[in-house]
Amino acid sequence: MDSKLDLPNSAQLVLQLTPVSSRSVVSWTTLIAGDVQNRRFASAFLHFTNMRRECVRPNDFTFPCLFKAVGSLHAPVTEKQVHALALKSGQMHDVFVGCSAFDIYSKTGLKEEASEENVRRNA
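According to the working numbering, the residues represented by the sequence shown are 3 to 125, in order.
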């Protein structure tokens with residue numbers, strides 16, 4: 003909730019005070035989503051990186067937030083890496099994840115990737 007209310011320090015403190023064994027994809031994704039909602043895209047990506055270091059697997063809610071963050075950072079290589087991770091984890095078949103990837107590729111001018119992804123999804 004603190005993350006959504008644009009209280010990033012409070013939200014991060016809550017996560018830091020939570021034992022590592024109790025941190026879940028839900029708590030990490032909430033923090034990432036709050037960062038994205040409040041336009042702290044680099045912070046969102048950093049939290050995602052920390053989430054992965056703790057071996058927490060992203061889910062179908064994490065990836066749309068992450069696609070928006072990396073798309074807003076204008077980092078095409080990172081976008082492709084996130085896309086590859088979504089494919090590898092089997093999340094690209096989720097409608098929200100696939101649409102988020104398509105949306106970011108379209109907005110960032112990577113039309114080939116957007117149409118390639120669209121072809122793959124409809125095949």
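Glycine included, C-beta positions come from ideal geometry on N, C-alpha and C.
For E56, the three-state secondary structure derived from DSSP is coil. Membership of H76 in any alpha helix (DSSP H) is not indicated, and neither H nor E is assigned to it by DSSP.
In the three-state reduction of the DSSP assignment, D105 falls in the helix class. For T20, no alpha helix (DSSP H) run applies, since DSSP gives it neither H nor E.
Each of T110, A103, H76 and D62 was checked against the Cα of T31, and the nearest Cα belongs to D62. Distances from the alpha-carbon of S26 to those of R54, V38, S45 and R41 put R54 closest.
Straight across, the Cα-Cα distance linking V38 with P66 is about 10 Å.
Judged by their CB atoms, F69 and A44 are not nearer to each other than the 8 Å cut-off.
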